[in-house]
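A quick write-up on the structure given underneath.
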Amino acid sequence: MRHERYEPNRMLKKGIKAWGPMVVELWEARELASRLFMRNLAARYKQAFLGFLWAVIVPFVAIGTFIFLNRMGIVNIGKTDVPYPLFALLGLSAYQLFSTGITASCGALVEAGDMIAKVNFPREVLVIAAIAQAVFELLIKMALIAAVCIYYQYLPPVMALMAVAALLPLLVLTMGLGLILSLANAVVRDTAQAVGILMTFLMFLTPVLYPAVGPRAFWLRVNPLTALIEGPRDLFIYGSLRHPTAFWVVSSAALLILLCAWRVFHLVETKVPERL
Amino acid sequence: MPDFAIRVSSAGKKFSKSLKDMMFYGAKDIVLGSFALGDESSLLRRGEFWAVDDVSFELKRGESVGIIGPNGSGKTTLLRMLNGIFMPDKGTIEVNGKVGGLIHVGAGFHPMLSGRENIYVNGAILGMSRKEIDRKFSSIVDFADIGDFLDSPVKQYSSGMYVRLGFSVAVHSDPDILLVDEVLAVGDRDFSLKCYQKMKEIRERGTSIVLVSHNEYVIRERTEKCLYLEGGKPKAFGPSDEMISLYIKDGLLKKAANRPSAPYEGKAQKPRRAEILSVRFLSSDGTEVRGLSSGEDFRAEIRFRATEAVVEPFFSVNFYTDRGLVYAANSAYEKVAFDTIAPGDGKLTLHLPRLDIPTETYYVSVIIGEGRECYALDAQHFAYTFIVERATNARGLLKLPTAWKME
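Protein chains in written order, with the numbering used here: chain B, -17 to 258; chain Z, 76 to 482.
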């Protein structure tokens, strides 16, 4: 029989022993997470004509705009080693995994506010379900990438398959930041607004739609996101990481962020229900 | 294995009054909590108050406990603390067994999804596995009794259907401890009855129940013990019948304290031709009482003053509950012909040899009037309160004289 003891700061008092129950809770919640993800997915596309197509319409518009701005001479994309639409699509798919995931998880707790205040269940499943949405959209974009490759008759190297694995650190970072931001937004609603703006501008400050070449490369590499976006794309195009050190350093940091965020989430999630 | 289902020891929960404070303290708590830099949970900061304060009680396995108290006394907050939604800011709460909450039925229902899909979502939220839901699916659907609507989006449901489906999933999650918060007030009569039947069935399986309700019948029928909260603090804990009586008495005392001594004083009115001076309720031995048991001898003594003669006078003593008029003793309806009242003071006694009205708290109106058209000269509406308590050796709300005959 289950025995629970509720007291102030109980997760803090457990110290290092808290990790066991955290892992168990996550494991037990896997079914709920997938159920919530399916619910969000089904509900999202239920009253819409284009449904899943929206996941590919956004990249089309963004890439089209950039091609236009480049032709007009307003921006200077620079030379890419694969056809530009493919290059941009690879970057955008990775970036949108991050931005969609962050935006969705930011609102995850607030949108489920009523449920959180009235039912006891592991709260992190809401964030996981939100990020699963971003992963799902990525899968749709992968089909688009395949279509674009066929159109340009471009054969990626064998190592391109590793690009999927190379997206994991980005996913880890998304999850870590998502957990923290979901809490922050539950208490202070400015978070979602700020994140929304940040995600738009961060895209332009990261080599998503343009390559990091020439003098601008130095400054772009200050942005840790650059390594995680370029890594998978380099694998897809060149079959190898062109900046492995940066990739592994940022990946390790992302893992650390996730672990800290997960722990913090458990420490303070109990302070959240009354503030939703 | 511990023999208690729930043990609450001096538990408390605080809230902020304003949203701004809440945001500020929330951000502060999160930062402090993240870095484990001290703890302000047991401190009362400016703008905060204890919504639940220093509550202790124990619920044995298989027992049922009710929580009563006026609005805002912390009943629902306490229930949520038992459910582990709100962590106590002080004290501890220990829970043995799987807790199922009927605090908010239909949690996680998505309006766009069908009832069928939502059963799975809701069930998962309540901790049921897919297999478990598959197994109980038909039973859930039968109990909810929503007919052809199972495959319609729940946004097309009536609010009653919504609650029925939610309740049905919740009771099928087989909790060891069931927390119920006034949800049964929704839904039609048949369904309410079904819910209470189901709760009884669950009880018999050994499930402990914690019930928050304003319905004194439900509390009396479904719980043995009761926690009486007031302003977040536990006022008393004991047998439900006693707690209900205490709660009602407290309410009456408060009402009495607020009631102006003469209801119509202060209004600029021409002197009444007749007015009621006082009303006293008496038991069979003539002592003044605030309440009696159902079936006991009852007297109401009305003192009045007439400034002019009242021709064809009538009197009425009406017993109301919050649901309306239950019983009216009315001399005009009963065709009692009184003599004309001469100017001066007088006294009238209404005698009911058996007060056969249900166990309940009544608001009593007393009226003096005249004429065949029943013109009221002084009507003191809901000015008095009277409690009818459960008679000893009585089941149900009434005690009626009976004659049993074996043939």
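Note that the Cβ used here is the ideal one computed from N, Cα and C, for glycine as well. Since the model is a prediction, treat every value here as computed from it, not as a measurement.
On the DSSP bridge list, what partners appear for residue i?
| i | result |
| --- | --- |
| Glu(-14) of chain B | Z:Val170 |
| Gly444 of chain Z | Z:Phe389, Z:Ala451 |
| Trp125 of chain Z | Z:Lys89 |
| Ile142 of chain Z | Z:Val287, Z:Leu302 |
| Arg82 of chain Z | Z:Glu133, Z:Glu169 |
| Arg280 of chain Z | BP columns for Arg280 of chain Z are empty, so no partner. |
| Thr424 of chain Z | Z:Glu376 |
| Arg355 of chain Z | Z:Glu376 |
| Phe394 of chain Z | Z:Tyr402, Z:Val439 |
Just to make sure I have the definition right: I need the residues of chain B whose C-beta is within less than 8 Å of the C-beta of residue i. Which are they?
| i | result |
| --- | --- |
| Tyr195 of chain Z | Arg17 |
| Gly176 of chain Z | Lys100, Val101, Asn102 |
| Glu192 of chain Z | Arg21, Ala24 |
Using the beta-carbon of each residue, which ones in chain Z are nearer than 9 Å to residue i?
| i | result |
| --- | --- |
| His225 of chain B | Within 9 Å Cβ-Cβ: nothing; His225 of chain B doesn't reach chain Z, min ~32 Å. |
| Leu8 of chain B | Neighbours of Leu8 of chain B on chain Z: none; closest Cβ ~14 Å, over 9 Å. |
| Leu240 of chain B | Within chain Z, no residue comes near Leu240 of chain B; the closest Cβ sits about 14 Å away, beyond 9 Å. |
Give the residues of chain Z in contact with residue i, contact being defined as C-beta atoms less than 7 Å apart.
| i | result |
| --- | --- |
| Ala99 of chain B | Ile160 |
| Glu256 of chain B | Phe90, Phe161 |
| Glu13 of chain B | Ala199, Ser204, Arg205 |
| Val246 of chain B | Ser109 |
| Leu210 of chain B | The contacting residues do not exist; Leu210 of chain B stays about 24 Å from chain Z at best. |
| Leu260 of chain B | The displayed coordinates of chain B run from -17 to 258. Any statement about residue 260 of chain B would go beyond what the structure contains. |
Could you compute how far the alpha carbon of residue i sits from the alpha carbon of residue j?
| i | j | result |
| --- | --- | --- |
| Tyr136 of chain B | Phe218 of chain B | 11 Å |
| Val140 of chain B | Glu13 of chain B | 34 Å |
| Lys342 of chain Z | Met156 of chain Z | With a pLDDT of 41 at Lys342 of chain Z, under the threshold of 50, the modelled position of that residue is not reliable, and no figure is offered here. |
| Thr62 of chain B | Tyr192 of chain B | 8 Å |
| Ala111 of chain Z | Gly149 of chain Z | 29 Å |
| Lys135 of chain Z | Val285 of chain Z | 11 Å |
| Ala478 of chain Z | Val174 of chain Z | 47 Å |
| Gly33 of chain B | Arg21 of chain B | 15 Å |
| Phe413 of chain Z | Glu435 of chain Z | 32 Å |
| Ile59 of chain B | Val204 of chain B | 19 Å |
| Ser233 of chain B | Cys242 of chain B | 14 Å |
| Ile254 of chain Z | Gly176 of chain Z | It is Leu, not Ile, that sits at residue 254 of chain Z in the sequence shown. About 5 Å. |
| Phe323 of chain B | Ser75 of chain B | Any question about residue 323 of chain B goes unanswered here, given that chain B covers just -17 to 258. |
| Val231 of chain B | Leu188 of chain Z | 44 Å |
| Phe69 of chain B | Lys253 of chain B | 44 Å |
| Glu257 of chain Z | Lys230 of chain Z | 23 Å |
| Ser227 of chain Z | Ala25 of chain B | 13 Å |
| Lys310 of chain Z | Gly281 of chain Z | 28 Å |
| Lys269 of chain Z | Ala454 of chain Z | 42 Å |
| Val392 of chain Z | Ala407 of chain Z | 11 Å |
| Lys308 of chain Z | Pro104 of chain B | 30 Å |
| Pro70 of chain Z | Leu427 of chain Z | Past the boundaries of the shown model lies residue 70 of chain Z; chain Z is included only from 76 to 482, so the question cannot be answered. |
| Arg257 of chain B | Asp316 of chain Z | 37 Å |
| Pro335 of chain Z | Ala458 of chain Z | Any reading at Pro335 of chain Z must be qualified, since the residue scores a pLDDT of 43, below 50, and its modelled position is unreliable; no value is offered. |
| Ala80 of chain Z | Asp251 of chain Z | 8 Å |
| Asn158 of chain Z | His179 of chain Z | 12 Å |
| Leu8 of chain B | Ile221 of chain Z | 34 Å |
| Lys(-4) of chain B | Ile45 of chain B | 50 Å |
Residue i versus chain Z: which residues are under 8 Å apart at the beta carbon?
| i | result |
| --- | --- |
| Arg(-8) of chain B | Met162 |
| Thr252 of chain B | Phe161, Met162 |
| Val92 of chain B | Ordered by position in chain Z, no residue passes the 8 Å Cβ test against Val92 of chain B, which lies about 13 Å from the chain. |
I want to verify the contact list: residues of chain B whose CB lies under 9 Å from the CB of residue i, in sequence order.
| i | result |
| --- | --- |
| His179 of chain Z | Asp96, Met97, Ala99, Lys100, Val101 |
| Val170 of chain Z | Arg(-16), His(-15), Glu(-14), Arg(-13), Tyr(-12) |
| Met481 of chain Z | Here the premise fails: no neighbours, minimum Cβ distance about 50 Å. |
Given that residue i touches chain B, what residues does it touch there, using C-beta distances under 7 Å?
| i | result |
| --- | --- |
| Thr167 of chain Z | Arg(-13), Tyr(-12), Glu(-11) |
| Lys173 of chain Z | Arg(-16) |
| Ala182 of chain Z | Met97, Lys100, Val101 |
| Met187 of chain Z | Ala25, Lys28, Gln29 |
Can you round the beta-carbon distance between residue i and residue j to whole angstroms, since I take them to be within the 8 Å contact cut?
| i | j | result |
| --- | --- | --- |
| Leu207 of chain B | Thr188 of chain B | 5 Å |
| Glu138 of chain Z | Ser320 of chain Z | Their Cβ separation, rounded to whole angstroms, is 20 Å, which puts Glu138 of chain Z and Ser320 of chain Z out of contact at 8 Å. |
| Asn(-9) of chain B | Ser116 of chain Z | 7 Å |
| Tyr303 of chain Z | Gly144 of chain Z | 6 Å |
| Val130 of chain Z | Val83 of chain Z | 6 Å |
| Asp431 of chain Z | Leu472 of chain Z | Wrong, their Cβ atoms sit about 10 Å apart, outside the cutoff. |
Original post:
In chain order, what residues of the region 100 to 124 of chain B put their CB closer than 7 Å to some CB of chain Z?
Top reply: Hits within the stretch, in order: Lys100, Val101, Asn102, Phe103.
Original post:
Which residues, in chain order, does the region 92 to 119 of chain Z contribute to contact with chain B at a C-beta distance below 8 Å?
Top reply: Residues of the region 92 to 119 of chain Z that bring their beta carbon within less than 8 Å of a beta carbon in chain B comprise Met97, Met98, Gly101, Ala102, Asp104, Ile105, Gly108, Ser109, Ala111, Asp114, Ser116, Ser117, in sequence order.
**OP:** With 8 Å as the C-beta to C-beta threshold (strictly closer), list the residues of the region 72 to 86 of chain B near chain Z in chain order.
**Re:** none
**OP:** Below 9 Å between beta carbons is the criterion; list the residues of the region 157 to 172 of chain B that meet it against any residue of chain Z, in chain order.
**Re:** Ile162, Leu165, Ala166, Ala168, Val169, Val170, Arg171
**OP:** Give, in chain order, every residue of the region 21 to 49 of chain B whose Cβ lies closer than 9 Å to some Cβ of chain Z.
**Re:** Arg21, Asn22, Ala24, Ala25, Arg26, Lys28, Gln29
**OP:** Mind checking the region 225 to 249 of chain Z against chain B and listing, in chain order, the residues whose C-beta falls within less than 7 Å of any C-beta there?
**Re:** none
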